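Each step along the sequence shown adds one to the number in numbering that gives the first Met the number 0, with nothing skipped, and position 7 is 6. Beta carbons: idealized from backbone N, C-alpha and C, even for Gly. Nothing here was measured: the structure is a model prediction, and the numbers come from that model. Some notes on the structure that comes next.
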Amino acid sequence: MDTKAEFDVIVVGAGIIGSLSAWRLAQEGYRVALVDAGQPGGQASNAAAGILSPSAEVDRAGPFWELTALSLEHYDQMVEELQEESGIEVDFRRSGVLQLPTLDDPGGERLHERYRWQSALNPRIRWLSPPEVAEVEPALANWHLPAIYAPEEAQVHAPKMVQAAVRAAIWRGVQVWSGTPVEELRLRPSGQVEGVQLARGAVRAHVGVVLAAGAWTGILAHTIGLHLPVEPVRGQVLGLHHDGPFLRHIVFWGSRYLCPKPDGRLIAGATEDAVGFEGRTSLKGLWQVSQALAELGLPMDSLVFERAWAGLRPKVPDGLPVLGPVPGYPGLFVASGHHRNGILLSAITAELVIKWAAGKDLTPWAAFAPERLLTR
0 MDTKAEFDVI
10 VVGAGIIGSL
20 SAWRLAQEGY
30 RVALVDAGQP
40 GGQASNAAAG
50 ILSPSAEVDR
60 AGPFWELTAL
70 SLEHYDQMVE
80 ELQEESGIEV
90 DFRRSGVLQL
100 PTLDDPGGER
110 LHERYRWQSA
120 LNPRIRWLSP
130 PEVAEVEPAL
140 ANWHLPAIYA
150 PEEAQVHAPK
160 MVQAAVRAAI
170 WRGVQVWSGT
180 PVEELRLRPS
190 GQVEGVQLAR
200 GAVRAHVGVV
210 LAAGAWTGIL
220 AHTIGLHLPV
230 EPVRGQVLGL
240 HHDGPFLRHI
250 VFWGSRYLCP
260 KPDGRLIAGA
270 TEDAVGFEGR
280 TSLKGLWQVS
290 QALAELGLPM
300 DSLVFERAWA
310 GLRPKVPDGL
320 PVLGPVPGYP
330 GLFVASGHHR
340 NGILLSAITA
350 ELVIKWAAGK
360 DLTPWAAFAP
370 ERLLTR
C-alpha cells in the first residue's frame, strides 16, 4: 500500500454511506480513497434489512421527513446507475409498507393521527380498513385492525448494495483499503483537516475527509479534539424462511418489522440495545424479536429459523443524522448518526457529500449540521 499517495477526498468508513459517497465522488471526477478498519459493510450495513420507508421511520413532519422522502425519490436513478456500473443486481423493488397499530394503541387512534399528517405530505399514502388490510395482505386476514399503506415504499438487499457500491467505486478508480484502521485524523496548524494517519504513514487529502465511520465516528473525531456524541446501538435480527407464499409487503408495528425477500426469506427485527460495542446476538434479544412475531398472530410453526445476526448502528442523542462540514475544521465532512436509516438515507447523503466537495450551499439541511452537537 502506497501511503504516500495523495487524493482529493479520503472517505473513512466503507459501509453503505461511505461506499456510495466514494463512488459518487469518483463519478464527479474526484480522486478518492475509501478506508475501513474491517471489510466493507461489516457492521450496520450488512446487518440491515434494507427497508426504504419514510412513513414507518419518521414520527413528525419536518426536515427529517423531507430528507428521507427525497432520498427515496433518488433511489430509482441511483440503483439504475449502480447496477450498470457494478454489474450487481441489488434487488430493489417497491414492495410497499403496511403500518399496524401497536398493542398500546388498540383502536389505532395514534396511528390514524400519523396517517393524517403523512397523507397530507404524500397523497399516495392510504388508510386501510380491516377488510382492506386483508385484501391487500392476506397473511393478516385475522388482524381485524386498520393500517397505513404506503404502496410506493421499497426495499433493497443491503449487503448487495454495499458490494455494488464498492465494485462501482473501484471501477471508477477509487483506491479501496479494507482492513486498514485509521489511527487518527490529521490537522494542519491552521485547523484544516489534511488527511488521515494509517499504521504505515500519513495520507493527504486536498479537498478533505468524509467521516462516515458509523458507530466509531465519535472515536475518530476525538483524535482531533472533537466530542461527537455518536453511540453504538445494537440491532438484533432474525432470518427466517417460509416454504410457501407468505407476506407480500413489509409490515411495521411500532419499531419492529417483517421484511419479505424475493428469495423466500423473511427478515424480522430489530432490537435497539445500548450495550456499547458488543456486536454479538443475545438470547434475550432474539426472544424479543420472536415475541413480536407472536403478537401478530402469524403461524410460528411454519416459519423456519435460518440464522440470527446483529449490527451496531450509529445514533446521536436527538436521533437525527449528522450531515455537514464541521465549523472550525475546514476540510472535514461528517456523514454519520443515521441509526436505523442508513440504507434509506444513503442516496441523499452521497448527494450532500458531492455538494460539500464542490463548495455548494448546504443551508437547506442545517437541521442535520454537526454544530448542534459539537464541543471541543
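Quick check: does the Cβ of residue i come within less than 7 Å of any heavy atom belonging to the ligand HEM?
i: L295; result: The model on display carries no ligand, and the ligand HEM is accordingly not part of it.
Our contact map puts residue i next to residue j with C-beta atoms below 8 Å; I'd like the distance itself, whole angstroms only.
i: L292; j: V208; result: With a Cβ gap of about 43 Å, L292 and V208 do not count as contacting.
i: L97; j: F304; result: Rounded, the Cβ-Cβ distance is 24 Å, inconsistent with contact.
i: V325; j: L24; result: With a Cβ gap of about 18 Å, V325 and L24 do not count as contacting.
i: R185; j: G194; result: 5 Å
i: V175; j: A13; result: 7 Å
i: A164; j: L19; result: 5 Å
i: A167; j: E84; result: 4 Å
i: L237; j: L285; result: 6 Å
i: L219; j: L210; result: 6 Å
i: V8; j: V34; result: With 8 Å as the limit, V8 and V34 do not qualify as a contact, their Cβ atoms being about 11 Å apart.
i: Y74; j: A346; result: 6 Å
Taking the Cβ atom as the reference point for each residue, do residue i and residue j lie within a distance shorter than 8 Å?
i: P158; j: N45; result: yes
i: P261; j: V161; result: no
i: A47; j: R93; result: no
i: G323; j: A368; result: yes
i: G200; j: G37; result: no
i: V270; j: G234; result: The identity of residue 270 in the sequence shown is Thr, whereas the question assumes Val. Yes, they are a contact pair.
i: P129; j: W116; result: no
i: P316; j: H337; result: no
i: I147; j: S54; result: yes
i: I87; j: C258; result: no
i: S335; j: V229; result: yes
i: R264; j: A309; result: no
i: L373; j: L144; result: no
i: A273; j: L239; result: no
i: E65; j: H205; result: no
i: Q42; j: L227; result: no
i: P150; j: G95; result: yes
i: V333; j: T222; result: no
i: A366; j: P62; result: yes
State buried or exposed for residue i, treating a residue as buried only when at least 16 other CB atoms are found within 10 Å of its CB.
i: L343; result: buried
i: K314; result: buried
i: T362; result: exposed
i: I15; result: buried
i: M0; result: Summary for M0: the model assigns pLDDT 44, below 50, so the residue's position carries little reliability; its value from the coordinates is reported in the next sentence. Exposed, by the Cβ-count rule.
i: E56; result: buried
i: V10; result: buried
i: R375; result: Note that R375 scores a pLDDT of 48, beneath 50, so its modelled location is shaky; the value from the coordinates is reported in the next line. Exposed.
i: H156; result: buried
i: E136; result: buried
i: P329; result: exposed
i: S189; result: exposed
i: F276; result: exposed
i: A349; result: buried
i: P105; result: exposed
i: V132; result: buried
In the DSSP assignment, what residue or residues form a beta bridge with residue i?
i: V31; result: V8
i: I147; result: Q98, W126
i: R93; result: For R93, which the question treats as bridged, DSSP gives no partner whatsoever.
i: H205; result: Per DSSP, none; premise fails for H205.
i: W176; result: V34
i: S335; result: V321
i: A267; result: L237, L257
i: Q154; result: I50, R92
i: Q26; result: Looking at the DSSP assignment, Q26 forms no beta bridge with any residue, so it has no partner.
i: G200; result: L197
i: V57; result: Partner(s): none; V57 has no beta bridge.
i: V135; result: According to DSSP, which records beta bridges pairwise, V135 is partnered with nothing at all.
Starting from residue i, follow the beta strand (DSSP E) in both directions and report where the run begins and ends.
i: E182; result: Counting along the chain, E182 falls outside any beta strand (DSSP E), and DSSP gives it neither H nor E.
i: F304; result: 303–314
i: A168; result: Counting along the chain, A168 falls outside any beta strand (DSSP E), though it belongs to the alpha helix (DSSP H) covering 157–170.
i: H248; result: Taken as a continuous stretch (DSSP letters only), H248 belongs to no beta strand (DSSP E), as it is neither H nor E.
i: Q42; result: First-last for Q42: undefined, no H or E at that position.
i: V192; result: 192–197
Where do the N-terminal and C-terminal ends of the alpha helix (DSSP H) with residue i fall, by residue?
i: W142; result: Looking at the DSSP string, W142 is not in any alpha helix (DSSP H), and its letter there is neither H nor E.
i: V352; result: 341–356
i: H73; result: 62–85
i: V108; result: With the sequence shown as reference, residue 108 is identified as Glu, and Val is not the correct amino acid for it. Per DSSP, E108 belongs to the alpha helix (DSSP H) from 108–120.
i: G284; result: 282–294
i: G275; result: Element bounds for G275: n/a, residue is neither H nor E.
i: T216; result: 216–221
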